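Notes follow the structure.
Protein chains: 2
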Amino acid sequence: MKRWHAEYAWLGDRFVPDVVIESEDSVFTSVTPEVTASPPGALRLPGLTLPGLANAHSHAFHRAMRGRTQADRGSFWTWREHMYAVASRLTPESYLRLARATYAEMALAGITCVGEFHYLHHGPDGEPYAEPNVMADALFEAAAQAGIRITLLDTLYLAGGVGRELEGPQLRFGDGTAEAWAERVDAIVPPAHARLGCAIHSVRAVPPTAMGPVVSWSQRNGAPLHVHLSEQRAENEACLANYRRTPTRLLDQAGVLGPRTTVVHATHLTNGNIRDLGGARVFVCMCPTTERDLADGIGPARALAKRGATLTLGTDSHAMIDMFEEARAVELDERLRSEERGHWTAAELLGAATAAGHASLGWPDAGVIAAGAQADLVTLDRSSVRLAGGGRHTATESVIFAATASDVRYVVSGGVEVVMDGRHLLVTDVAGELSQAIAEVLGD
Amino acid sequence: MKRWHAEYAWLGDRFVPDVVIESEDSVFTSVTPEVTASPPGALRLPGLTLPGLANAHSHAFHRAMRGRTQADRGSFWTWREHMYAVASRLTPESYLRLARATYAEMALAGITCVGEFHYLHHGPDGEPYAEPNVMADALFEAAAQAGIRITLLDTLYLAGGVGRELEGPQLRFGDGTAEAWAERVDAIVPPAHARLGCAIHSVRAVPPTAMGPVVSWSQRNGAPLHVHLSEQRAENEACLANYRRTPTRLLDQAGVLGPRTTVVHATHLTNGNIRDLGGARVFVCMCPTTERDLADGIGPARALAKRGATLTLGTDSHAMIDMFEEARAVELDERLRSEERGHWTAAELLGAATAAGHASLGWPDAGVIAAGAQADLVTLDRSSVRLAGGGRHTATESVIFAATASDVRYVVSGGVEVVMDGRHLLVTDVAGELSQAIAEVLGD
Chain A
1 MKRWHAEYAW LGDRFVPDVV IESEDSVFTS VTPEVTASPP GALRLPGLTL
51 PGLANAHSHA FHRAMRGRTQ ADRGSFWTWR EHMYAVASRL TPESYLRLAR
101 ATYAEMALAG ITCVGEFHYL HHGPDGEPYA EPNVMADALF EAAAQAGIRI
151 TLLDTLYLAG GVGRELEGPQ LRFGDGTAEA WAERVDAIVP PAHARLGCAI
201 HSVRAVPPTA MGPVVSWSQR NGAPLHVHLS EQRAENEACL ANYRRTPTRL
251 LDQAGVLGPR TTVVHATHLT NGNIRDLGGA RVFVCMCPTT ERDLADGIGP
301 ARALAKRGAT LTLGTDSHAM IDMFEEARAV ELDERLRSEE RGHWTAAELL
351 GAATAAGHAS LGWPDAGVIA AGAQADLVTL DRSSVRLAGG GRHTATESVI
401 FAATASDVRY VVSGGVEVVM DGRHLLVTDV AGELSQAIAE VLGD
Chain B
445 MKRWHAEYAW LGDRFVPDVV IESEDSVFTS VTPEVTASPP GALRLPGLTL
495 PGLANAHSHA FHRAMRGRTQ ADRGSFWTWR EHMYAVASRL TPESYLRLAR
545 ATYAEMALAG ITCVGEFHYL HHGPDGEPYA EPNVMADALF EAAAQAGIRI
595 TLLDTLYLAG GVGRELEGPQ LRFGDGTAEA WAERVDAIVP PAHARLGCAI
645 HSVRAVPPTA MGPVVSWSQR NGAPLHVHLS EQRAENEACL ANYRRTPTRL
695 LDQAGVLGPR TTVVHATHLT NGNIRDLGGA RVFVCMCPTT ERDLADGIGP
745 ARALAKRGAT LTLGTDSHAM IDMFEEARAV ELDERLRSEE RGHWTAAELL
795 GAATAAGHAS LGWPDAGVIA AGAQADLVTL DRSSVRLAGG GRHTATESVI
845 FAATASDVRY VVSGGVEVVM DGRHLLVTDV AGELSQAIAE VLGD
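Those protein sequence lines, which keep their order, are chains A and B. Just so you know, my numbering puts 264 at position 264 of the first sequence, and the rest follows in order with no gaps. Just so you know, my numbering puts 625 at position 181 of the second sequence, and the rest follows in order with no gaps.
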């Protein structure tokens, strides 16, 4: 049994003072607000304690490119060439090292669960490894070593573009057919800290005729299904030219959309798309720092939510790893577009970063501080210079609009202490491991 | 004499390894690159060393509102009501405490010089203080205690809107006439760490007939002249309705625009405005985190620079105090608008945050690591998790696109060490002072 005494804890709608929280194994057993005397054996948590943050969209290996791609001008598509260069060099061993360090950076930022959109399956030239899921195993192991939970979203990737063969580094992503994909994925047995989901890379990479087996797999397993959607206008144009419908409509007709589905980005949509996605009750994962970095544009997050979709958040390419930055950017980018303030409340954005994100990754039992939920806690230093001076009644606003990942002092994931005083307890030199793992792949 | 040995130092266009830097009094006396053996008495600076950062646009007291205004929806104009409430409560004593803590937060973020756009001159109801520049003195003293330099931009503020009298808290801003303003300002004697400039609040607050004395004062003193410009569409509309010209044109015809002038925000401009501002060789101070927070919109920074204006950066309302965030936001917001990458190089943005910002504040002798310049240094921890893994040849890109204020480890301002190991040496509890100073004004 573990016991904490939080100065302030966020109980789903507001911060409550002096909350005693207990866990047994990896699950909370009781949550008692407003206990002023510290109970015996309780660890006092000064500051603002949140549920664990869920990073609902990650490509772990993209971390290697942070900063390095900024010297080139160009587009999403030239950036993708860099990304392929990294993908082409990874081995199961080097990917374990890179993902372990990246997930450790996530833990330091208060992320206790990651959704890894995983398509780097095979060896060079697409030759399957002797153990065909060795890359998935590397990611499971990386998350375990970094002290966080993972949902592996094993991704179907068949084409190099609408009507184009895979080529070059893309060969490593492909399983040939959806049936071969399903067979490989059925052999994956996720360890206790992991759950398994599936993904369709995009309408660029998967023809509609091949989507059925993924939808069936998701239904059969009650598992999350994620898909990149309309991040770039060129995707919409190619889809319209070839299929005479928008990507959203194509996915809808292929049966992909539903309450277990997460569409990622959803940047360039028609009003009809917004209605269809909302009506299907999908999760929409916005990745604002990546979408800003890659010049994607500003997706209609608020309009989607009004129609019935649920917002989640991801750091995607890891240009930054900071869920507070993702959360506020949804509101702030909407302000830039609309020239009005106040589209989202801070509580809504915190919900997206916690409970909604976990639900979209197949952990409906996480992201809240409540008996029966996964025992995840993230404590922010209320006396950092960024948070200092915030009002007692606007603590949620301070967290969303002023906190950064560097204000995270303490993290518990599944009942296990991972971060203490801002230091990772399992990966003692996260920055050093990042440097080494990236230099191994890209050089100095 | 002081001596440093920087692992990498930014010498105006790139990072150079193993740079020996010497200063005498407050000025650099020599800069010698590529010295591998550490010379005697030199302090080794591991990481990436930059010149001091210039925060070219600050309203120190706005720091009190961080986070607190986010609970309200509404607009720039409702936000302004909050701001007036803070302004109405400050005394010279409480403003000294608030500004000292705010400037100390700036020092921790690597800011060695601030441009304070100062209009809170008088007592309640506009009654001048016995010492009419006591508020200016408080700001000078605050900067001194926080270890940074200051340019006080003493601001003319005469009207509550185009054709409207001052009212309520605005009465504290007004000097009645431009001549009375000039007389008061002429009595200010800035101390050694300070320089004096002037400002016209905006076309909202100063009729064109009253701008002449400010322009003359600027010319007579060879001093910077700053002015808020076209931050909100409503300002443009009121200006057009009353004067039949845009704010830019109005300023131009009043003789305000020139190479000593900084226009702040410049968000909503016509193509003609962009040509005129560029042709006048003004500085344009973008404050992207504030402009995003206040839903102002995205100013045409690149177009202005192409026409001949020089970019500078400010944290303005202090929703955040992080010059790296300001710098990258200029590029990233342009990406959101244009859906293209690569409008600014990282070196250009770093120049805006350093040499250009200082020049716009009347310190052409600062913002570079070179003999004869003000001895300011800012060292970033290259082994933070944010910067780890950056490429050797893309260090400038890593700084601009991945660093945060919390990566600043060491700061020297005018030859004096202000920050060591990320801690302020003069203000030992910056967060505590922020909390106390803000609670004193706004309560818990």
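Even for Gly, the Cβ is constructed at its ideal location relative to N, Cα and C. Remember, it's a predicted structure, so these values are computed and weren't measured experimentally.
How close, in whole Å, do the beta carbons of residue i and residue j come, if the pair is a contact with beta carbons under 8 angstroms?
{"i": "A266/A", "j": "T29/A", "result": "With 8 angstroms as the limit, A266/A and T29/A do not qualify as a contact, their Cβ atoms being about 38 angstroms apart."}
{"i": "E22/A", "j": "R3/A", "result": "5 angstroms"}
{"i": "L673/B", "j": "V708/B", "result": "6 angstroms"}
{"i": "A771/B", "j": "L757/B", "result": "6 angstroms"}
{"i": "L776/B", "j": "D125/A", "result": "Rounded, the Cβ-Cβ distance is 37 angstroms, inconsistent with contact."}
{"i": "A353/A", "j": "R510/B", "result": "Not really, about 20 angstroms apart at Cβ, beyond 8 angstroms."}
Name, please, each residue of chain A whose Cβ falls closer than 9 angstroms to the Cβ of residue i.
{"i": "S532/B", "result": "Those do not exist, as S532/B stays about 18 angstroms from chain A at its closest Cβ, beyond 9 angstroms."}
{"i": "F505/B", "result": "Correct list: empty, because the minimum Cβ distance to chain A is about 12 angstroms."}
Thinking C-alpha only, which one of the options is nearest residue i?
{"i": "G786/B", "options": "D72/A, V19/A, A305/A", "result": "D72/A"}
{"i": "H526/B", "options": "D766/B, G591/B, P613/B", "result": "P613/B"}
{"i": "G741/B", "options": "P224/A, R335/A, R302/A", "result": "R335/A"}
{"i": "H5/A", "options": "A301/A, A223/A, T32/A, L361/A", "result": "T32/A"}
{"i": "A881/B", "options": "Q514/B, P536/B, V629/B, T522/B", "result": "P536/B"}
{"i": "F324/A", "options": "T289/A, L240/A, R302/A", "result": "T289/A"}
{"i": "P300/A", "options": "D293/A, T315/A, L269/A, G110/A", "result": "L269/A"}
{"i": "A136/A", "options": "R80/A, L158/A, H122/A", "result": "H122/A"}
{"i": "T404/A", "options": "L98/A, I111/A, P247/A", "result": "I111/A"}
{"i": "A799/B", "options": "T789/B, T823/B, A817/B, S782/B", "result": "A817/B"}
{"i": "S660/B", "options": "E627/B, Q676/B, L684/B", "result": "E627/B"}
{"i": "L349/A", "options": "P190/A, S360/A, V399/A", "result": "V399/A"}
{"i": "E34/A", "options": "Y8/A, M420/A, G52/A, E131/A", "result": "Y8/A"}
{"i": "G876/B", "options": "V412/A, T78/A, E433/A, S384/A", "result": "S384/A"}
{"i": "G74/A", "options": "S879/B, G806/B, T789/B", "result": "T789/B"}
Measure the C-alpha to C-alpha separation of residue i and residue j and round it to an integer number of angstroms.
{"i": "D13/A", "j": "A347/A", "result": "6 angstroms"}
{"i": "G391/A", "j": "V874/B", "result": "17 angstroms"}
{"i": "N718/B", "j": "V418/A", "result": "Contrary to the premise, residue 718/B reads as Ile rather than Asn in this sequence. Those two C-alpha atoms are separated by around 52 angstroms."}
{"i": "G115/A", "j": "H837/B", "result": "32 angstroms"}
{"i": "G666/B", "j": "E585/B", "result": "24 angstroms"}
{"i": "H318/A", "j": "F76/A", "result": "15 angstroms"}
{"i": "A199/A", "j": "M211/A", "result": "10 angstroms"}
{"i": "D365/A", "j": "S58/A", "result": "21 angstroms"}
{"i": "A439/A", "j": "A60/A", "result": "15 angstroms"}
{"i": "P208/A", "j": "R781/B", "result": "32 angstroms"}
{"i": "R89/A", "j": "N271/A", "result": "41 angstroms"}
{"i": "L610/B", "j": "T692/B", "result": "23 angstroms"}
{"i": "V463/B", "j": "T840/B", "result": "16 angstroms"}
{"i": "G389/A", "j": "L886/B", "result": "9 angstroms"}
Run through chain B and tell me which residues come within less than 9 angstroms of residue i, C-beta to C-beta.
{"i": "D376/A", "result": "The premise fails here: D376/A is roughly 20 angstroms from chain B at the closest Cβ pair, so nothing lies under 9 angstroms."}
{"i": "G351/A", "result": "Those within 9 angstroms of G351/A in chain B number zero; the least Cβ separation is about 16 angstroms."}
{"i": "R68/A", "result": "G833, G834, G835, H837, T838, E841, S842"}
If you measure between the beta carbons of residue i and residue j, is that distance less than 9 angstroms?
{"i": "N55/A", "j": "G357/A", "result": "yes"}
{"i": "V203/A", "j": "V162/A", "result": "yes"}
{"i": "A144/A", "j": "Y95/A", "result": "no"}
{"i": "V658/B", "j": "V700/B", "result": "yes"}
{"i": "L225/A", "j": "G278/A", "result": "no"}
{"i": "L494/B", "j": "I813/B", "result": "yes"}
{"i": "L615/B", "j": "F561/B", "result": "no"}
{"i": "I150/A", "j": "H201/A", "result": "no"}
{"i": "G414/A", "j": "A375/A", "result": "yes"}
{"i": "L120/A", "j": "A87/A", "result": "yes"}
{"i": "D760/B", "j": "H506/B", "result": "yes"}
{"i": "V852/B", "j": "L824/B", "result": "yes"}
{"i": "L158/A", "j": "A178/A", "result": "yes"}
{"i": "A590/B", "j": "Y547/B", "result": "yes"}
{"i": "E783/B", "j": "R233/A", "result": "yes"}
What residues of chain B sit near residue i, judged by a beta carbon separation below 7 angstroms?
{"i": "G297/A", "result": "L780, E783"}
Starting from residue i, find everything on chain E with Cβ-Cβ shorter than 7 angstroms and list it in chain order.
{"i": "A832/B", "result": "Checking the listed chains, one finds no chain E in this structure; the protein chains it contains are A and B."}
Whose Cβ in chain A lies nearer than 7 angstroms to the Cβ of residue i?
{"i": "V829/B", "result": "E105, L108, V430, A431, L434"}
List, in order along the chain, the chain A residues whose C-beta lies closer than 8 angstroms to that of residue i?
{"i": "T848/B", "result": "T404, S406"}
{"i": "M764/B", "result": "R386, A402"}
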